[in-house]
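Going left to right, the sequence shown walks through residues 0 to 119 as numbering that gives the first Met the number 0 numbers them.
Worksheet: one structure, shown below.
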Amino acid sequence: MSERWPPECVVLAAELRSLRERTGLSLAALADRTTAGKSSWHRYLTGTQLPPRDVVVELCVLAGEPPGRALALWELAETARSRRDARPRVEPTDTPGKRPDGSGGSEDGGNPDPDPPVGA
0 MSERWPPECV
10 VLAAELRSLR
20 ERTGLSLAAL
30 ADRTTAGKSS
40 WHRYLTGTQL
50 PPRDVVVELC
60 VLAGEPPGRA
70 LALWELAETA
80 RSRRDARPRV
90 EPTDTPGKRP
100 DGSGGSEDGG
110 NPDPDPPVGA
């Protein structure tokens with residue numbers, strides 16, 4: 000992943016790994032006992048993808064833990080990820096005063112007069 004995940008997502012992934020350790024299950028066994036596949040579990044446990052809420056609950060049940068803490072961490076991670084994804088991405092321009100279509104603008108980067116005077 001090119002962008003760094005929010006810290007809340009990193010904390011959730013650590014909690015999921017801890018829960019998995021308590022189950023004593025391999026990734027394949029987790030996949031057999033839950034609605035997520037082996038490769039999905041790998042992404043969730045390494046923090047490269049946020050798991051669905053239901054999958055977090057499934058892991059808690061397998062670990063014999065109440066889901067409250069893990070779900071609170073999931074909510075924080077989901078909110079942080081949504082905020083990050085909602086931020087507009089600003090693309091830098093190569094040349095000040097140039098429009099995206101490559102046409103020039105005025106010296107100060109503003110728009111030139113779009114309509115020249117009639118009869119000029």
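C-beta atoms are modelled at their ideal positions from N, C-alpha and C, and glycine is treated no differently.
Beta-carbon proximity check, residue i vs residue j, cutoff 9 Å
i, j, result
"Leu70", "Val10", "no"
"Arg21", "Gly63", "yes"
"Leu24", "Leu49", "no"
"Trp40", "Leu26", "yes"
"Ala85", "Glu7", "no"
Three-state class that DSSP yields for residue i in the structure shown
i, result
"Trp4", "coil"
"Glu57", "helix"
"Ala12", "helix"
"Leu49", "coil"
Spatial distance of residue i from residue j (CA atoms)
i, j, result
"Arg16", "Cys59", "11 Å"
"Pro51", "Ser81", "14 Å"
"Thr33", "Val55", "10 Å"
"Glu57", "Pro65", "11 Å"
"Ala35", "Tyr43", "10 Å"
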